[in-house]
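Presented below is the structure to which this report refers.
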Amino acid sequence: VNPFGKKEILQDPRLSNKEYTKVPIALFHGEEQVNDSLEIVKRLCEKYHWKLSRQKEEKASLGEEASSSSSSSSPDLRRENERGGVLTPEEERDIKWVYENLVPLFPACMYQSFASSWRAFSYISSLSNFTPIERLLVRTAGPIVMRAVTRLNEKKRMKTGSPVQALSDACDEWMRRIREQNTKQHKTKKEEERKEEEVKKEIVLFHGGAAPDLADSVTLGFLRAMKESPSLREVRRVCDPSFNLWLTEMEKRVLP
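Residue numbers for the sequence shown follow the numbering used here, so the first one is 24 and each next one is one higher.
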């Protein structure tokens, strides 16, 4: 979508809500317009029963083998199927955290300098179907506008003056949430201490436990959008090894 004119949205006859000009927008069944990435993901989870398939993957990764007949009669699996992909309170909580704390860092990390802003718009324009004039406009004006907007918002959005530090702090907090999610299910102090020791070792744990949940996938999506950012490369170089382990394993499991 051209960031200046938004004609791809305004001129699309399939879209009923022309006042919403952000992306992404999804059309379900070719006619129902759903706005915002989080709402789109929730609808996809409901449609494809995310929770049921994820639980099967988690059991398989833990080595719990069962016949198809016994799996289909499992009370846990029946409950997940009845929920139809509804998010757990923990997923809802930490996805909300991602949107409120990680997503706002995207502009500062992608448009940290004019050079990085220029590279970002080169990537965007090369994948578009813009006319030559639109391509030239986006390619030249886009980096200038986004760098200026980013500078205005940096002091408001970040407590530190450095996008790298802000992103590093956010990644550290994300890994803390994963550890918390994996330890809180253990009732006794001894079990919690044992689990914390496992987490400290090079054992990849996800927000969902032995297998990723939707909070893992949403976080990966935003970090993948920053994959060309110098800020993310620097964070991966200096961060806690557990973050790189989590990110590498998520890419193996989720990406084609």
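Here a beta-carbon is modelled for each residue, glycine too, at the ideal position from N, C-alpha and C.
Since the model is a prediction, treat every value here as computed from it, not as a measurement.
*Looking at the unbroken beta strand (DSSP E) that takes in Phe-51, where does it start and where does it end?*
48-51
*By Cβ distance below 8 angstroms, which residues in the same chain neighbour Leu-33 in space, the five residues on each side in sequence not counted?*
Excluding positions up to five away in sequence, the list reads Lys-41, Thr-44.
_Reference Pro-235; option with closest CA among Pro-264, Cys-132, Leu-270, Arg-260_ = Leu-270
_Rounded distance between the beta-carbons of Val-121 and Val-241, thought under 8 angstroms_ = 6 angstroms
*Between Val-126 and Phe-144, which are expected to be in contact by the criterion C-beta below 8 angstroms, what is the C-beta distance as a whole number of angstroms?*
The pair is not a contact, with the Cβ atoms about 19 angstroms apart (cut-off 8 angstroms).
_Outcome for Asn-205 when other beta-carbon atoms lying within 10 angstroms are tallied against a minimum of 16_ = buried
*asked:* With a threshold of 7 angstroms on Cβ separation, who are the neighbours of Gly-246 within its own chain once the five nearest residues in sequence on each side are excluded?
replied: Note that residue 246 is Leu in the sequence shown here, rather than Gly. Counting only residues of its own chain and dropping the five nearest sequence neighbours on each side, Leu-246 has a CB closer than 7 angstroms to the CB of Leu-255, Leu-270.
*With DSSP as the reference, label Phe-229 as helix, strand or coil.*
strand
*Taking DSSP as the reference, what is the three-state secondary structure of Leu-270?*
helix
*When Pro-26, His-52, Ser-140, Thr-173 are compared against Arg-37, the one with the closest alpha-carbon*: Cα-wise, what sits closest to Arg-37 is His-52.
*asked:* Only counting the same chain, and skipping five residues up and downstream in sequence, which positions put a Cβ closer than 6 angstroms to that of Ser-252?
replied: Short of 6 angstroms from the beta carbon of Ser-252, and not among the five residues preceding or following it, lie these beta carbons of its own chain, in chain order: Cys-132, Met-133.
_Opening and closing residue of the beta strand (DSSP E) in which Asn-58 lies_ = 55-58
*Mind checking whether Ser-265 and Met-198 have CB atoms under 7 angstroms apart?*
yes
*Going by CA-CA distance only, name the one from Pro-47, Arg-276, Glu-31, Gln-188 that's closest to Arg-259.*
Gln-188
*Cys-132 lies in the alpha helix (DSSP H); which residues open and close that run?*
129-133
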